[in-house]
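A quick write-up on the structure given underneath.
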Amino acid sequence: MDSEPATGCSSRGGGDQLWARLSAVAPGAAHGILRARRGCARQTRGVSVTTPAGEGPSDTRRLLVITYDFGPDGPVGGLRWAGITKYLARLGWDVCVLTAAPPFGGAAAIGVQVERCARLWTVGDGYRLVRRLIFGESLGLSRSISHGGPPGGRPRDLLRQLRNEVATFLSLPDESHGWMLRAALHARSVIRRFQPRVVVSSGPPHSAHLVAAMATIRSPAAWLIDLRDPWAGPLPKVWQSHRRLGTRVFRAIAPRLERLAFGVADGVIANTPQLAEVLAAKYPNVPVVCVPNGVDPDGVPPPARHRYPGLSIAYTGRLYAGRDLGPVMRALGIFFQHHPEAARAGSKLRIAGDADSRHAQVFNDAVAVAGVEQYVEVLGLLSRADALDVVSRSRLAVVLAQDQELQIPAKLYESVAMGVPTLVVAPAGSAAAVEGTRLGAVVRDSGDVEGIACVLERLWQDGSPERSSCPVPITYDAIALLVDQVLGMSLPPASTRQGVLAGL
28 MDSEPATGCS SRGGGDQLWA RLSAVAPGAA HGILRARRGC ARQTRGVSVT
78 TPAGEGPSDT RRLLVITYDF GPDGPVGGLR WAGITKYLAR LGWDVCVLTA
128 APPFGGAAAI GVQVERCARL WTVGDGYRLV RRLIFGESLG LSRSISHGGP
178 PGGRPRDLLR QLRNEVATFL SLPDESHGWM LRAALHARSV IRRFQPRVVV
228 SSGPPHSAHL VAAMATIRSP AAWLIDLRDP WAGPLPKVWQ SHRRLGTRVF
278 RAIAPRLERL AFGVADGVIA NTPQLAEVLA AKYPNVPVVC VPNGVDPDGV
328 PPPARHRYPG LSIAYTGRLY AGRDLGPVMR ALGIFFQHHP EAARAGSKLR
378 IAGDADSRHA QVFNDAVAVA GVEQYVEVLG LLSRADALDV VSRSRLAVVL
428 AQDQELQIPA KLYESVAMGV PTLVVAPAGS AAAVEGTRLG AVVRDSGDVE
478 GIACVLERLW QDGSPERSSC PVPITYDAIA LLVDQVLGMS LPPASTRQGV
528 LAGL
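In this text, residue positions in the sequence shown follow my numbering: the first is 28, and each later residue adds one.
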């Protein structure tokens, strides 16, 4: 993420000046664009940036968050608002979260009320189970590295395309199918009882936004859409072969749902400035702001007392889309050729995560081509705590973001917050590359294998046990200050907003 306040949009009606003010709350952590929205039948009813004279600081500020995942230890999608709401509660917000996630013990401790609405089994679930049993689709990486066998993925023939189309249709609008309608009814009940000033829906799964759209009908609450990933696009070429995102069903339905939600919501929050720019151009009448991801300082382990031997490298996460460890493994092979003593010292690349059959085969082939079989350890799926422990004990953390121009993997913030030197493999100018540079990580393109090998060599020769420090705030206690300002902005009607912005 760029540290310049303008983000290349200095002509956008004064939004830069407003966000320069907001960025002072969390320096270097946010950028945004404020554009007039059409029709503005409903306004953001929160505390304005400068509190009106008739409104006292003791007035209750209530926030309802609708998100499929939520919690400090569950899926990565639940971490963002688990961290933000924890610190919003300390800033005086009364927070309620509606989620499908199973209960966790720390909700009361962080001052957040959690309403659980469980997802029901659907026809789509049954179809996927039968498909998995019949076609034997792989669920992850093998702990034993194999190569030379037949390809793990099936040809992309008409039958496979048809299966993907059927599966996508049965799970519309997304994987939270079976939760959406029940959650909408539950959310309407919560809104009547809780009376929030602001409702935030966070996705993916993006059906959370449809839940909020139905739940806020005739409600005075302002509704903001939070996008942790793009919804209907733009999709890079590598995603066009995805079993769900690449289907005709998805391409026909998702853009319509996105336009419907954006046309009703009071504003949109993106987690990268690049995505915010794209959305602002796509929906010029919708207010779009950027609030980055971060990390809860209470959720990362302290520096490990016992590190792995040698040059220990960690990758934690799923291999999918364009994410490919091949460049890192080829660089590791080059590094061992130049420094055989590092291999003898116990240096290894440890991988905690899974992959589908096609990416698992690509991974196995890359290991074989690089000749590093004995220096790669596949740990399989680990709990978040165990995965963070692997990173904490390592000398280098790898973050993959190939073919993801608008997205930043959340794991970047975790490794940087732990002080572990971090290598971001991403194309120059992408969201992850820009943000990695801002946070002090090393960024290399996937085609720069020699450059990655040089990073390994410098780290090996350095041998310093010192942890690196992040030059900018990335913790949710700082980001919550910004969110507090975003939730409190009073957006004027469309007829007057340009005049207000011009005066900022």
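Built from N, CA and C at the ideal position, the CB exists for glycine as well.
Mapping DSSP to helix, strand and coil, what is residue i?
i	result
arginine 64	Note that arginine 64 has pLDDT 36, beneath the 50 cutoff, so the model's placement of it is unreliable and the number below is only indicative. Note: arginine 64 maps to coil in three-state DSSP.
glutamate 142	strand
valine 499	coil
alanine 369	helix
valine 513	helix
arginine 187	helix
isoleucine 161	helix
threonine 243	coil
arginine 471	strand
alanine 444	helix
leucine 265	It should be pointed out that residue 265 corresponds to valine in this sequence rather than to leucine. Reduced to three states, the DSSP call for valine 265 is helix.
valine 327	coil
alanine 382	strand
leucine 237	helix
leucine 197	helix
proline 346	Before going further, note that residue 346 is leucine rather than proline in the sequence given. Here leucine 346 sits in strand by DSSP.
threonine 126	strand
arginine 39	With a pLDDT of only 30 at arginine 39, under the threshold of 50, the placement of this residue in the model should not be trusted, and no figure is reported.
What is the residue span of the alpha helix (DSSP H) that residue i lies within?
i	result
tryptophan 206	No alpha helix (DSSP H) contains tryptophan 206, which DSSP labels as neither H nor E.
valine 291	275-291
glutamate 479	Note that residue 479 is isoleucine in the sequence shown, not glutamate. That run of the alpha helix (DSSP H) goes 476-489.
aspartate 413	411-419
isoleucine 137	From DSSP, isoleucine 137 is part of no alpha helix (DSSP H); its letter is neither H nor E.
isoleucine 111	106-117
glutamate 462	458-465
Which residues does DSSP list as the beta-bridge partners of residue i?
i	result
valine 396	Valine 396 pairs with nothing; no bridge assigned.
aspartate 253	Ser229 and Ile296
valine 403	Leu376
arginine 89	Asp121
valine 425	Leu450
valine 389	Looking at the DSSP assignment, valine 389 forms no beta bridge with any residue, so it has no partner.
valine 322	Thr502
Just curious, the beta strand (DSSP E) that residue i is in, first and last residue?
i	result
serine 228	225-230
serine 339	339-343
valine 316	315-317
Measure from the alpha carbon of residue i to the alpha carbon of each residue in the options, then state which is nearest.
i	options	result
arginine 471	Leu185, Leu90 and Ala455	Ala455
histidine 236	Val295, Leu423, Thr299 and Arg385	Val295
isoleucine 252	Met207, Arg143, Asp293 and Asp475	Asp293
leucine 197	Leu156, Gln434 and Ala369	Leu156
glycine 446	Cys497, Thr126 and Ala412	Cys497
valine 451	Ser473, Arg385, Val122 and Val426	Val426
glycine 349	Ala428, Asp416, Ala239 and Ser419	Ala428
leucine 212	Glu192, Leu199 and Thr126	Thr126
asparagine 391	Ala414, Leu415, Arg357 and Asp504	Arg357
arginine 411	Asp121, Leu433, Ala437 and Leu147	Ala437
serine 495	Tyr440, Pro367, Tyr347 and Ala393	Tyr440
tryptophan 266	Arg485, Ile506 and Asp430	Asp430
Does at least one heavy atom of the ligand GDP sit under 7 Å from the Cβ of residue i?
i	result
serine 198	As far as ligands go, the structure on display features none, and thus does not contain the ligand GDP.
- Message: Under 8 Å, with one C-beta from each stretch per pair, do the segment 250-264 and the segment 210-222 reach the 3-pair mark?
- Response: no
- Cβ contact check for the segment 85-98 and the segment 222-242: 3 or more pairs under 8 Å: yes
- Message: Assess contact between the segment 358-373 and the segment 478-486, defined as three or more Cβ pairs (one per stretch) separated by less than 8 Å. Is contact present?
- Response: yes
- Are three or more beta carbon pairs between the segment 232-249 and the segment 265-280 nearer than 8 Å? no
- contact_flag[the segment 322-342, the segment 458-471] where n(CB pairs < 8 Å) is 3 or more: no
- Is the segment 400-408 touching the segment 374-383 in the sense that three or more CB pairs, one from each, lie closer than 8 Å? yes
- Are there three or more Cβ pairs, one per stretch, closer than 8 Å when the segment 385-401 is compared with the segment 321-328? no
- Contact between the segment 382-393 and the segment 297-306: three or more CB pairs below 8 Å? no
- Query: Do the segment 97-114 and the segment 128-142 meet, that is, are 3 or more Cβ pairs less than 8 Å apart?
  - Reply: yes
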